[in-house]
Every structure is written in C-alpha cells, then in structure tokens.
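So the structure is just underneath, and the comments pick up after that.
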Amino acid sequence: MKTTNKKTNILITGAGLCGSLLGLRLAQRGYHVDILEKRPDMRKAVVDGGRSINLALSDRGLAGLKLVGLEEKVRELCIPMHGRLIHDVDGNTFASNYSGREGEYINSISREELNKLLLDEADKYEDVQIDFDDAVTSVDLKNASVTYHDSETDTEKEWKSDIVLGTDGAGSVVRKAMMKQRDFLFSHSMNWLPHGYKELNIPPTEDGKWRIEKNFLHIWPRGGFMLIALPNLDGSFTLTLFMQYDGDGPAFNKIKTDQEITDFFTTYFKDVMEHIPDLIEQYHTNPAPPLGTVRCSPWTAYGTSLIMGDAAHAIVPFYGQGMNASFEDVVVFDKMLDQHENWSDAFDAFSKTRKPDADAIADLALDNFVEMRDSVANPNFQLKRQIEMRLEAVFAKAEYQSKYSLVTFPEEGISYREAMLRGRAQDKAILWLLENDQIKVEDDINDLLKSIQQKTEEVLWLRG
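Under full-length UniProt numbering, the first residue of the sequence shown carries the number 1, and numbering increases by one thereafter.
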C-alpha cells in the first residue's frame, strides 16, 4: 500500500454504483471519504433517476465486488442468465448460450438493490460521510474544492478537500470543469445514437412466478429496432424497447396513439402483448431517453482530481458492460494506489492504463447493438455460435475463447482492448471460413480449432 497518507481528505461526487463502491474501497484502505450525491437517499425515498431498472452483472463487475468482500452477498440479489433466447416475429424461439463452459453466465440484478447494499456497507465505516440532496454545481480543480447546493438551507456552499474523485455519471460536473481548463488540452466527445429506449414491465403471475423463461436474456430482434427482457427477483421482467426516434420504419415519434401502439406490438411483438395487460398506459407513461457514448482525455487534472466510471467513459448498454467497466475501474485504481507513492502518479497511471480499454468497450458496445438487432437472426451467426460453443466446451480458455467470453468471462489480466482485438479477428476468421465452405459445425473439433487459430493469426497479422 504505497499511497500511505491516510490524513488525505477525499471527496467523491456521486453516490451511484461506481461512487459507492469506490468510497467503500477507499474506506477499507483507511482513508476519510466524503460523498456528495444530488439525489435523495434511495434507501429512504423512491428515486427516479431515469436509469435502467436492472443490469447485467458479469465477471469483471464481480471482481470489484470481491475486492470489497461483497461477492457472495450480491449473488443473493442475482438471477443467472445462461444465454440469449431469441424470439422471431412468429413467436418461435431459439436459445444461444453465452458460453460453452460450465458455470459461465451473466446475472440480472436490480440497480437499486445493489446500490442500496453498497451504500449500507460504506455507511458502516466511521470515516465515510454521505450527504444526499446536495448537487455539485461547480468544481475548482486546482484547489480540490466544489460548490454545491445545500438542499436543507437552499444555499450554495463550498466543500474543500485534498482530492476530488468524479463518479457523477455521464453528465459529470467534474468532467465539465476539466473541459473549461486552459492549462492543458482536453479532448471530449459525446456521440448520440439516433435511437432511444423505453422501459416496460411484464408483471409476475398471480402466484409470483415468471411468465416467460427466467434464466435467459430475451431478445426480439427486428432489424432497425429490438426489444429485450431481463428477469427480476419478484417474478417480473423489465423490458427495454430500443428504437429510432425518427426515420423510415417504426420510430418513437411515429408511434403515439393507442391504436398505433397496439398495431406496432401486434405486428412485431405479438407474443409479448399477452403478458402486459397495461401496455398502452406503460408506453404513454414511460419516457424514451437517448443513448450516447462519452469519450474524453485526460481523466485527471493537477494531481488533485480524477474521473472514472460513466463520468469518464459512458457507453451504450448493448454489451451489458457499463456497470462492469465502472467496477473494474475501481479494481484497476486500487492497484495503482498500491504501485505509486502519490496521488498524482496514481491518477496518471490509471488514466493511461484504462483509457484504451474504455475506448474498446465503447466500440464493442456499439458493435453489439448491430449484432443483437440484426446478426442474431443471421444463419451464419448462428453457425458461428454453435462452433464457438463446441470449442469452449472442449478446450481451455488459453486455447479458445469467443469474443463474448473474452469480454465477459475473461482470464485474469485480459483487458477490454485485448478482448476486442482478438475477438474481432476470431469473428472475421470464423465467418470467412463459413462463407467460403472451409469449415462446418460438425467438423472434427481439433481441425476446427486449428483452422480458426490459423485464420485468426492471419487476420491479426494483416491488421498489424
């Protein structure tokens, strides 16, 4: 533990998933931590943060929870999802497992319940103070101080600290303060998809059971748009409709009346309609917020401040890695504190190490949007997945992992960037071999592995 000055006062902006995990870990390391959160305490009030209700938790995120000793507690809040269950327009389904190996699956978990658990655990430490309903309005990065709106007195106040850690989400005030600096070059982009998302709910049966298979992530791919469903512990499912706002074909701004909603779901999602008795009301009531990707650099300023999580690298949700990437940030940052003598060096090392991985998972998430809405219904994609399942069932991770497994169930030390580079090359190799009749699903398993490895190395070599 090289960064040893425990008298350092640390201020974290944002008590969401990343901020609460980070605060907990720093408290475990012996630091005094203050956290300012603009929303009410979700443990005492119903909070509508405009965020997805449940999330996909996988190995990278679990590593962050293991770091703070909460992996087993969190697993009690999870529902395992072993693969995708694809629904076609006619109501037919087929399953596509996430991995060919035993024990590799992702988990559906309530964002709120996980956040509450992290807050409860952080609150157990005397050196952690969490203030809710206090919105940070500006940040003085050089002096590590923030101005915030105190809801109790309805006044603006200043909070002076030694270190400011911004985990305040995609709209980060700390990141915006970095953008305003003139002492260094700060690159920033926020790219919006032409699509938004609308959440709906399938209620449980009268006896509290799930109306559709609970141990899958359900997908209704329809080309330019899609519907997905994740299970909840109470027997319900959270549905998310991803669709463009405008343009040719179905779009949010063209589906507004009761009849238009009914016609749309009858045409494209008939097997879902029977499970949502109040579909019309839900559709009208629930918003359709946008989907965007935040990229920026650097993530640190003046040796006094650092951003991480969505504040540094918000991504679209199509790989189920947003929370996992944020939790992995905490793991990597924890290692940087072990390796460096001061905060400035730890911040710089974290930013340089993590930025390429953040860019990689952002790209992969955008790629997966196309795959989920289009490719999963493609025959060659299905054949590719069958081959990958065979390979993963027989060979060790060191010999073969699909792109999805490299991202979601990595061996220790496999970064997002490594997963992207090798995974993309493997995908290209397998699809080329299939399209050119060089391999078949039923081929000898050793021959399959050899052909795919050789072609993958060719692709990697050509890409330099």
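Glycine included, every Cβ here is placed at the ideal spot set by N, Cα and C.
| Item | Value |
| --- | --- |
| Using the rule of at least 16 other Cβ atoms within 10 Å of the residue's Cβ for burial, across every protein chain shown, is Tyr98 buried or exposed? | buried |
| According to the Cβ coordinates, are Arg222 and Tyr268 closer than 8 Å? | yes |
| Among Asp120, Gly30, Ser297, which residue has its Cα nearest to the Cα of Arg348? | According to the sequence shown, residue 348 is Asp rather than Arg. Ranking Asp120, Gly30, Ser297 by Cα distance to Asp348 puts Ser297 first. |
| Would the region 232–239 count as touching the region 259–266 if we require 3 or more Cβ pairs under 8 Å? | no |
| Provide the residue(s) that pair with Cys296 in DSSP beta bridges, ordered along the chain. | His188 |
| Which residues mark the beginning and the end of the beta strand (DSSP E) in which Asn9 is found? | 9–13 |
| Are the CB atoms of Ile387 and Val441 within a distance shorter than 8 Å? | yes |
| Regarding Glu281 and the ligand FAD, is the C-beta to nearest heavy atom distance less than 7 Å? | Ligands in the displayed structure: none, and consequently the ligand FAD is not present. |
| Does the beta-carbon distance from Ser151 to Val173 come in below 8 Å? | no |
| Exposed or buried, what is Ser187 when buried is set at 16 or more other beta-carbons lying within 10 Å of its beta-carbon? | exposed |
| Is the beta carbon of Arg84 less than 8 Å from the beta carbon of Ala393? | no |
| Between which residues of its own chain and Ala314 is the CB-CB distance below 6 Å, once the five residues before and five after are set aside? | Ala170, Val294 |
| Among the candidates Gly103, Pro277, Glu328, Asn380, whose CA atom is the shortest distance from the CA of Arg25? | Glu328 |
| Determine the DSSP secondary structure at Met308, reduced to helix, strand or coil. | coil |
| In the DSSP assignment, find the alpha helix (DSSP H) that holds Val316 and state where it starts and stops. | Per DSSP, Val316 belongs to no alpha helix (DSSP H) and is neither H nor E. |
| Lys209 to Trp220, Cα distance in whole Å? | 22 Å |
| Pick out whichever of Cys78, Val332, Val146 has its Cα sitting closest to the Cα of Ser305. | Val146 |
| Ends of the alpha helix (DSSP H) at Met273? | 270–273 |
| Which first and last residues belong to the beta strand (DSSP E) in which Ala327 is found? | The sequence given here places Phe at residue 327; Ala does not occur at that position. Note, Phe327: premise wrong, no beta strand (DSSP E); alpha helix (DSSP H) at 322–339. |
| Assuming the contact rule is C-beta atoms closer than 8 Å, Lys397 and Glu418 should be a hit. Round their C-beta distance to whole Å, please. | Contact doesn't hold; Cβ gap of about 13 Å is too wide. |
| Based on the DSSP secondary-structure assignment, which residues constitute the bridge partners of Thr240? | Glu199, Ile228 |
| Given a cut-off of 8 Å, decide if Thr155 and Ala311 are closer than it, judged by their beta-carbon atoms. | no |
| Give a yes or no on whether the C-beta atoms belonging to Leu200 and Gln321 are separated by under 8 Å. | no |
| Would you list the one or two residues that DSSP bridges to Ser96? | Arg84 |
| Check whether the Cβ atoms of Ser451 and Leu433 lie closer than 8 Å to each other. | yes |
| Please say whether Ile202 and Ile130 have beta carbons closer to each other than 8 Å? | no |
| Could you say which of Leu185, Leu62, Ala27, Ala144 lies nearest to Phe409 if we only look at CA atoms? | Leu62 |
| What is the DSSP secondary structure of Val68, reduced to helix, strand or coil? | coil |
| Distance check for Tyr319 and Asp345, CA to CA, integer angstroms please. | 31 Å |
| Report, in whole angstroms, the separation of the C-beta atoms of Ser326 and Cys18, which I expect to be a contact under 8 Å. | 4 Å |
| Could you name the residues of the same chain whose beta carbon sits closer than 6 Å to that of Lys160, not counting the 5 residues immediately before and after it, in chain order? | Ser145 |
| Closest to Pro194 by C-alpha separation, out of Leu383, Leu449, Pro290, Lys352, would be which residue? | Pro290 |
| Check whether the Cβ atoms of Pro250 and Phe264 lie closer than 8 Å to each other. | yes |
| Among Gln426, Val370, Arg354, Gly413, which one has its Cα closest to the Cα of Arg385? | Gln426 |
| Taking only the alpha-carbon atoms, compute the straight-line gap between Asp246 and Arg390 and give it to the nearest angstrom. | 41 Å |
| Among the residues of its own chain, which have a CB less than 6 Å from the CB of Ser351, if the five just before and after it don't count? | Pro298, Trp299, Thr300 |
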